[in-house]
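Enquirer: Please read through the structure below; I'll follow up with questions.
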Amino acid sequence: FRAETELSSASREVKNVLIEIDNAIVGLQNAKTKLYNAELKIRNAIDTIDDRQKELRYLRQDVQNEKSRLGGIQNTDVNQLVRPIELKVQQIVYEKERVWQWKGDLAEDRADATSIQVWKRFGSTESLIPTILALLVSFIAVILSNIVLLEEIHSKAFLRNTLIPGSRFAYISSILFTTVTVTFIEMCFFLLASVFAFNLRGFGLSSIIAIFLMVLIYSVIGLLIGFVVKNKTTSLLTCVFLLLISILLGGVLFPIERMASYMPFITILIPMTPGISVIQQELFHSVGFWSFWLHFIILGFYSMIALSTLAITAAIMKWRD
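This note's numbering numbers the first residue of the sequence shown as 3 and each following residue consecutively.
As C-alpha coordinates, then:
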(Lines of atoms letter the chains of each structure in order from A and count residues from 1; the text may use other names and numbers.)
(Lines give C-alpha, C1' and ligand atoms only; values in the text may rest on other atoms or scores of the structure.)
Protein backbone atom coordinates (compact mmCIF):
# COMPACT_ATOMS: atom_id res chain seq x y z
CA PHE A 1 0.00 0.00 0.00
CA ARG A 2 2.86 2.31 0.79
CA ALA A 3 4.42 1.68 -2.60
CA GLU A 4 1.18 2.48 -4.34
CA THR A 5 0.97 5.82 -2.52
CA GLU A 6 4.49 6.73 -3.55
CA LEU A 7 3.73 5.90 -7.19
CA SER A 8 0.67 8.15 -7.11
CA SER A 9 2.71 11.00 -5.70
CA ALA A 10 5.40 10.52 -8.30
CA SER A 11 2.78 10.45 -11.05
CA ARG A 12 1.32 13.76 -9.89
CA GLU A 13 4.73 15.35 -9.75
CA VAL A 14 5.43 14.18 -13.30
CA LYS A 15 2.16 15.70 -14.49
CA ASN A 16 2.98 18.99 -12.80
CA VAL A 17 6.39 19.00 -14.42
CA LEU A 18 4.81 18.33 -17.83
CA ILE A 19 2.35 21.20 -17.32
CA GLU A 20 5.20 23.53 -16.41
CA ILE A 21 7.10 22.41 -19.49
CA ASP A 22 4.04 23.10 -21.68
CA ASN A 23 3.66 26.56 -20.14
CA ALA A 24 7.32 27.24 -20.76
CA ILE A 25 6.93 26.17 -24.40
CA VAL A 26 3.93 28.50 -24.85
CA GLY A 27 5.86 31.37 -23.25
CA LEU A 28 8.79 30.76 -25.56
CA GLN A 29 6.49 30.73 -28.57
CA ASN A 30 4.93 34.03 -27.47
CA ALA A 31 8.36 35.51 -26.94
CA LYS A 32 9.37 34.31 -30.40
CA THR A 33 6.31 35.99 -31.91
CA LYS A 34 7.09 39.25 -30.12
CA LEU A 35 10.67 39.13 -31.27
CA TYR A 36 9.51 38.53 -34.84
CA ASN A 37 7.16 41.51 -34.68
CA ALA A 38 9.90 43.66 -33.20
CA GLU A 39 12.22 42.54 -35.98
CA LEU A 40 9.63 43.59 -38.59
CA LYS A 41 9.28 47.01 -36.97
CA ILE A 42 13.03 47.43 -36.90
CA ARG A 43 13.26 46.50 -40.59
CA ASN A 44 10.50 48.98 -41.46
CA ALA A 45 12.25 51.66 -39.45
CA ILE A 46 15.50 50.92 -41.26
CA ASP A 47 13.75 51.19 -44.63
CA THR A 48 12.17 54.51 -43.59
CA ILE A 49 15.53 55.84 -42.45
CA ASP A 50 17.06 54.81 -45.77
CA ASP A 51 14.32 56.63 -47.68
CA ARG A 52 14.75 59.78 -45.59
CA GLN A 53 18.48 59.57 -46.11
CA LYS A 54 17.97 59.44 -49.88
CA GLU A 55 15.60 62.42 -49.75
CA LEU A 56 18.12 64.39 -47.70
CA ARG A 57 20.83 63.60 -50.24
CA TYR A 58 18.59 64.82 -53.08
CA LEU A 59 17.69 67.94 -51.11
CA ARG A 60 21.33 68.63 -50.40
CA GLN A 61 22.10 68.29 -54.09
CA ASP A 62 19.32 70.74 -54.97
CA VAL A 63 20.57 73.23 -52.39
CA GLN A 64 24.07 73.01 -53.78
CA ASN A 65 22.77 73.55 -57.31
CA GLU A 66 20.78 76.63 -56.25
CA LYS A 67 23.77 77.93 -54.34
CA SER A 68 25.94 77.54 -57.41
CA ARG A 69 23.32 79.27 -59.60
CA LEU A 70 22.89 82.18 -57.20
CA GLY A 71 26.62 82.53 -56.89
CA GLY A 72 26.86 83.08 -60.63
CA ILE A 73 24.37 85.99 -60.71
CA GLN A 74 26.07 89.34 -61.27
CA ASN A 75 25.06 92.76 -60.02
CA THR A 76 23.41 93.64 -63.30
CA ASP A 77 21.20 90.58 -63.03
CA VAL A 78 20.18 91.60 -59.51
CA ASN A 79 19.18 95.03 -60.75
CA GLN A 80 17.02 93.44 -63.39
CA LEU A 81 15.38 91.18 -60.83
CA VAL A 82 14.35 94.03 -58.49
CA ARG A 83 13.25 96.41 -61.23
CA PRO A 84 9.61 97.44 -60.61
CA ILE A 85 6.80 96.31 -62.87
CA GLU A 86 5.84 98.89 -65.46
CA LEU A 87 2.13 99.41 -65.97
CA LYS A 88 0.40 101.34 -68.71
CA VAL A 89 -3.14 102.44 -67.96
CA GLN A 90 -5.35 102.75 -71.03
CA GLN A 91 -8.88 103.98 -71.42
CA ILE A 92 -11.47 101.24 -71.80
CA VAL A 93 -14.15 103.17 -73.67
CA TYR A 94 -13.00 104.64 -76.98
CA GLU A 95 -16.28 106.05 -78.35
CA LYS A 96 -15.16 109.63 -77.82
CA GLU A 97 -12.65 111.52 -75.75
CA ARG A 98 -13.43 112.08 -72.11
CA VAL A 99 -13.04 115.82 -71.44
CA TRP A 100 -9.67 117.18 -72.60
CA GLN A 101 -6.64 114.94 -72.73
CA TRP A 102 -4.13 115.49 -69.97
CA LYS A 103 -0.90 115.48 -71.94
CA GLY A 104 2.44 117.20 -71.88
CA ASP A 105 1.28 119.83 -74.37
CA LEU A 106 -1.40 121.07 -71.98
CA ALA A 107 0.31 124.44 -71.82
CA GLU A 108 -0.48 125.01 -75.50
CA ASP A 109 -4.22 124.96 -74.80
CA ARG A 110 -3.99 126.34 -71.26
CA ALA A 111 -1.30 128.99 -71.33
CA ASP A 112 -2.31 130.52 -68.03
CA ALA A 113 -0.39 128.96 -65.13
CA THR A 114 -3.35 129.30 -62.78
CA SER A 115 -5.63 127.47 -65.21
CA ILE A 116 -3.07 124.67 -65.52
CA GLN A 117 -2.98 124.18 -61.75
CA VAL A 118 -6.78 124.14 -61.58
CA TRP A 119 -6.90 121.62 -64.43
CA LYS A 120 -4.41 119.32 -62.69
CA ARG A 121 -6.60 119.34 -59.57
CA PHE A 122 -9.65 118.62 -61.67
CA GLY A 123 -9.84 114.95 -60.70
CA SER A 124 -10.96 115.56 -57.10
CA THR A 125 -13.59 118.08 -58.21
CA GLU A 126 -14.81 115.79 -60.96
CA SER A 127 -15.31 112.92 -58.54
CA LEU A 128 -17.46 115.07 -56.24
CA ILE A 129 -19.76 116.43 -58.93
CA PRO A 130 -22.05 113.34 -59.28
CA THR A 131 -22.30 112.94 -55.51
CA ILE A 132 -23.17 116.58 -54.88
CA LEU A 133 -25.60 116.53 -57.78
CA ALA A 134 -27.41 113.45 -56.46
CA LEU A 135 -27.64 114.93 -52.96
CA LEU A 136 -29.03 118.21 -54.29
CA VAL A 137 -31.57 116.45 -56.49
CA SER A 138 -32.84 114.18 -53.74
CA PHE A 139 -32.94 116.71 -50.89
CA ILE A 140 -34.33 119.64 -52.85
CA ALA A 141 -36.94 117.61 -54.74
CA VAL A 142 -38.25 115.69 -51.73
CA ILE A 143 -38.24 118.53 -49.21
CA LEU A 144 -39.51 121.18 -51.64
CA SER A 145 -42.45 119.10 -52.85
CA ASN A 146 -43.28 118.08 -49.29
CA ILE A 147 -43.19 121.65 -48.00
CA VAL A 148 -45.27 123.00 -50.91
CA LEU A 149 -47.94 120.34 -50.41
CA LEU A 150 -48.10 120.77 -46.62
CA GLU A 151 -48.29 124.55 -46.93
CA GLU A 152 -51.20 124.09 -49.31
CA ILE A 153 -52.93 121.57 -47.04
CA HIS A 154 -52.57 123.72 -43.91
CA SER A 155 -53.58 126.96 -45.63
CA LYS A 156 -56.89 128.66 -44.81
CA ALA A 157 -58.14 128.30 -48.37
CA PHE A 158 -57.58 124.54 -48.55
CA LEU A 159 -60.98 123.59 -47.12
CA ARG A 160 -62.75 126.08 -49.39
CA ASN A 161 -60.87 124.72 -52.40
CA THR A 162 -61.84 121.15 -51.56
CA LEU A 163 -65.51 122.09 -51.33
CA ILE A 164 -65.47 123.80 -54.71
CA PRO A 165 -65.78 121.27 -57.55
CA GLY A 166 -62.48 121.00 -59.34
CA SER A 167 -60.04 118.63 -60.93
CA ARG A 168 -57.89 116.74 -58.45
CA PHE A 169 -55.54 115.84 -61.26
CA ALA A 170 -54.91 119.51 -62.06
CA TYR A 171 -54.29 120.25 -58.39
CA ILE A 172 -51.69 117.51 -57.97
CA SER A 173 -50.15 118.14 -61.38
CA SER A 174 -49.64 121.82 -60.63
CA ILE A 175 -47.75 121.08 -57.42
CA LEU A 176 -45.68 118.39 -59.12
CA PHE A 177 -44.97 120.60 -62.13
CA THR A 178 -43.90 123.47 -59.87
CA THR A 179 -41.56 121.28 -57.84
CA VAL A 180 -40.01 119.54 -60.84
CA THR A 181 -39.55 122.82 -62.71
CA VAL A 182 -37.93 124.66 -59.80
CA THR A 183 -35.63 121.76 -58.90
CA PHE A 184 -34.65 121.06 -62.50
CA ILE A 185 -33.83 124.74 -63.10
CA GLU A 186 -31.63 124.72 -59.99
CA MET A 187 -29.84 121.62 -61.27
CA CYS A 188 -29.30 123.30 -64.65
CA PHE A 189 -27.71 126.28 -62.92
CA PHE A 190 -25.51 123.88 -60.98
CA LEU A 191 -24.42 122.18 -64.20
CA LEU A 192 -23.66 125.53 -65.82
CA ALA A 193 -21.61 126.55 -62.79
CA SER A 194 -19.72 123.25 -62.99
CA VAL A 195 -19.02 123.75 -66.69
CA PHE A 196 -17.70 127.29 -66.37
CA ALA A 197 -16.00 126.97 -62.98
CA PHE A 198 -14.35 123.55 -63.36
CA ASN A 199 -14.06 123.22 -67.16
CA LEU A 200 -16.34 120.19 -67.29
CA ARG A 201 -17.11 118.85 -70.75
CA GLY A 202 -18.77 115.55 -69.89
CA PHE A 203 -22.42 116.43 -69.32
CA GLY A 204 -24.69 115.46 -72.17
CA LEU A 205 -28.20 114.33 -72.96
CA SER A 206 -27.88 111.18 -70.83
CA SER A 207 -27.08 113.15 -67.67
CA ILE A 208 -29.89 115.64 -68.34
CA ILE A 209 -32.46 112.85 -68.76
CA ALA A 210 -31.19 111.02 -65.65
CA ILE A 211 -31.37 114.22 -63.59
CA PHE A 212 -34.89 114.98 -64.82
CA LEU A 213 -36.13 111.47 -63.98
CA MET A 214 -34.53 111.59 -60.52
CA VAL A 215 -36.13 114.99 -59.86
CA LEU A 216 -39.51 113.60 -60.93
CA ILE A 217 -39.23 110.48 -58.78
CA TYR A 218 -38.08 112.26 -55.62
CA SER A 219 -40.67 115.01 -56.07
CA VAL A 220 -43.38 112.36 -56.16
CA ILE A 221 -41.88 110.74 -53.05
CA GLY A 222 -42.09 114.08 -51.23
CA LEU A 223 -45.74 114.47 -52.26
CA LEU A 224 -46.55 110.93 -51.10
CA ILE A 225 -45.02 111.60 -47.70
CA GLY A 226 -46.99 114.86 -47.47
CA PHE A 227 -50.27 113.08 -48.22
CA VAL A 228 -49.65 110.35 -45.66
CA VAL A 229 -48.00 112.40 -42.87
CA LYS A 230 -49.87 115.69 -42.45
CA ASN A 231 -47.82 117.09 -39.55
CA LYS A 232 -45.08 119.38 -40.86
CA THR A 233 -42.35 118.37 -38.41
CA THR A 234 -43.06 114.64 -38.62
CA SER A 235 -43.30 114.78 -42.40
CA LEU A 236 -39.98 116.60 -42.68
CA LEU A 237 -38.29 114.09 -40.37
CA THR A 238 -39.70 111.25 -42.46
CA CYS A 239 -38.28 112.83 -45.61
CA VAL A 240 -34.86 113.23 -44.02
CA PHE A 241 -34.93 109.62 -42.78
CA LEU A 242 -35.75 108.24 -46.24
CA LEU A 243 -33.07 110.42 -47.82
CA LEU A 244 -30.44 109.21 -45.34
CA ILE A 245 -31.40 105.60 -46.08
CA SER A 246 -31.08 106.32 -49.81
CA ILE A 247 -27.66 107.89 -49.33
CA LEU A 248 -26.35 105.04 -47.17
CA LEU A 249 -27.64 102.25 -49.40
CA GLY A 250 -27.34 103.98 -52.78
CA GLY A 251 -23.56 103.83 -53.09
CA VAL A 252 -23.05 107.57 -52.53
CA LEU A 253 -20.89 107.44 -49.40
CA PHE A 254 -19.71 103.83 -49.62
CA PRO A 255 -19.02 101.82 -52.80
CA ILE A 256 -21.54 99.11 -53.57
CA GLU A 257 -18.68 96.71 -54.36
CA ARG A 258 -17.53 96.91 -50.72
CA MET A 259 -20.97 96.07 -49.31
CA ALA A 260 -22.42 92.63 -48.63
CA SER A 261 -22.96 90.24 -51.52
CA TYR A 262 -26.75 90.69 -51.45
CA MET A 263 -26.66 94.51 -51.34
CA PRO A 264 -26.60 95.08 -55.16
CA PHE A 265 -30.12 93.61 -55.32
CA ILE A 266 -31.24 96.16 -52.70
CA THR A 267 -29.39 99.20 -54.02
CA ILE A 268 -30.94 98.75 -57.48
CA LEU A 269 -34.30 99.56 -55.83
CA ILE A 270 -33.05 103.05 -54.91
CA PRO A 271 -33.62 105.55 -57.78
CA MET A 272 -30.43 107.39 -56.88
CA THR A 273 -28.22 104.43 -57.85
CA PRO A 274 -28.89 104.23 -61.64
CA GLY A 275 -28.94 108.04 -61.86
CA ILE A 276 -25.50 108.40 -60.30
CA SER A 277 -24.23 105.57 -62.51
CA VAL A 278 -25.32 107.41 -65.67
CA ILE A 279 -23.69 110.68 -64.59
CA GLN A 280 -20.44 109.03 -63.53
CA GLN A 281 -20.05 106.93 -66.68
CA GLU A 282 -20.82 109.82 -69.01
CA LEU A 283 -18.58 112.21 -67.08
CA PHE A 284 -15.66 109.85 -66.45
CA HIS A 285 -15.67 107.63 -69.54
CA SER A 286 -17.79 109.48 -72.12
CA VAL A 287 -20.07 106.47 -72.57
CA GLY A 288 -22.59 106.85 -75.39
CA PHE A 289 -26.30 107.57 -74.97
CA TRP A 290 -27.53 104.15 -76.13
CA SER A 291 -25.36 102.38 -73.56
CA PHE A 292 -27.70 103.63 -70.81
CA TRP A 293 -30.90 102.09 -72.13
CA LEU A 294 -31.20 99.78 -69.11
CA HIS A 295 -30.68 102.68 -66.68
CA PHE A 296 -33.36 104.72 -68.42
CA ILE A 297 -35.77 101.77 -68.39
CA ILE A 298 -35.25 101.37 -64.64
CA LEU A 299 -35.71 105.09 -63.97
CA GLY A 300 -38.76 105.20 -66.25
CA PHE A 301 -40.25 102.18 -64.48
CA TYR A 302 -39.72 103.83 -61.10
CA SER A 303 -41.30 107.03 -62.44
CA MET A 304 -44.41 105.16 -63.61
CA ILE A 305 -44.71 103.38 -60.25
CA ALA A 306 -44.29 106.67 -58.38
CA LEU A 307 -46.87 108.51 -60.49
CA SER A 308 -49.36 105.63 -60.25
CA THR A 309 -48.93 105.48 -56.48
CA LEU A 310 -49.37 109.25 -56.27
CA ALA A 311 -52.61 109.10 -58.28
CA ILE A 312 -54.00 106.29 -56.10
CA THR A 313 -52.99 108.07 -52.89
CA ALA A 314 -54.52 111.36 -54.03
CA ALA A 315 -57.79 109.59 -54.90
CA ILE A 316 -57.90 107.88 -51.50
CA MET A 317 -57.22 111.14 -49.68
CA LYS A 318 -59.95 112.90 -51.67
CA TRP A 319 -62.42 110.14 -50.77
CA ARG A 320 -61.46 110.40 -47.09
CA ASP A 321 -61.83 114.18 -47.12
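Glycine is no exception: its CB is placed at the ideal position from the N, C-alpha and C atoms.
Just to check my reading of the structure: V182 and S221 have Cβ atoms closer than 8 Å, yes? What is that Cβ distance to the nearest angstrom?
Expert: Here the question's residue 182 lines up with position 180 in the sequence shown. Here the question's residue 221 lines up with position 219 in the sequence shown. Contact holds; Cβ gap of about 5 Å.
Enquirer: Leaving out five residues before and five after F171 in sequence, what residues of the same chain have Cβ atoms less than 6 Å from its Cβ?
Expert: Here the question's residue 171 lines up with position 169 in the sequence shown. Closer than 6 Å at the Cβ level, and outside the excluded window around F171, lies no residue.
Enquirer: Relative to the C-alpha of F192, which candidate in S157, F243, Y60 and A136 has its C-alpha closest?
Expert: Translated into positions along the sequence shown, residue 192 becomes position 190. Nearest option by C-alpha distance: A136.
Enquirer: Any idea if Y60 is buried or exposed, counting beta-carbon neighbours within 10 angstroms, 16 or more meaning buried?
Expert: Stepping through the sequence shown from its first residue, residue 60 is reached at position 58. Looking at its Cβ environment, which holds fewer than 16 other Cβ atoms inside 10 Å, Y60 is exposed.
Enquirer: Can you round the beta-carbon distance between S248 and M274 to whole angstroms, since I take them to be within the 8 Å contact cut?
Expert: Indexing the sequence shown from 1 puts residue 248 at position 246. Indexing the sequence shown from 1 puts residue 274 at position 272. That pair is a contact at about 5 Å.
Enquirer: Quick check: T180 and I142, are their CB atoms within less than 9 Å of each other?
Expert: On the sequence shown, residue 180 is found 178 positions in, with the first residue counted as 1. On the sequence shown, residue 142 is found 140 positions in, with the first residue counted as 1. Against a cut-off of 9 Å, the Cβ pair of I142 and T180 comes out as no contact.
Enquirer: Look at the alpha carbon of S10 and the alpha carbon of N25, and state the distance between them as a whole number of angstroms.
Expert: Translated into the one-based positions of the sequence shown, residue 10 becomes position 8. Translated into the one-based positions of the sequence shown, residue 25 becomes position 23. Cα to Cα, S10 sits roughly 23 Å from N25.
Enquirer: When DSSP labels each residue in this structure, what does F256 get in the three-state scheme?
Expert: The residue given as residue 256 occupies position 254 in the sequence shown. In this structure, F256 counts as coil in the three-state DSSP scheme.
Enquirer: Sorted by chain position, which residues of the same chain lie with C-beta nearer than 8 Å to L152's C-beta, five sequence neighbours on each side aside?
Expert: Within the sequence shown, residue 152 is the residue found at index 150, counting from 1. G228, K232, K234 and S237.
Enquirer: CB of I44 to nearest heavy atom of the ligand ZN: below 8 Å?
Expert: The ligand content of the structure shown is nil, which means the ligand ZN is not present either.
Enquirer: Helix or strand or just coil, what does DSSP make of A262?
Expert: Indexing the sequence shown from 1 puts residue 262 at position 260. It is coil, neither helix nor strand.
Enquirer: If you measure between the beta carbons of I324 and S310, is that distance less than 9 Å?
Expert: Because the chain in this structure spans residues 3 to 323, residue 324 falls outside the shown range and cannot be described.
Enquirer: Roughly how many whole angstroms lie between the Cα atoms of I27 and K43?
Expert: Numbered from 1 along the sequence shown, position 25 holds the residue referred to as residue 27. Numbered from 1 along the sequence shown, position 41 holds the residue referred to as residue 43. Between I27 and K43, the C-alpha separation is close to 24 Å.
Enquirer: I211 lies in the alpha helix (DSSP H); which residues open and close that run?
Expert: Here residue 211 corresponds to residue number 209 of the sequence shown, with the count starting at 1. Note, I211: alpha helix (DSSP H), L207 to V230.
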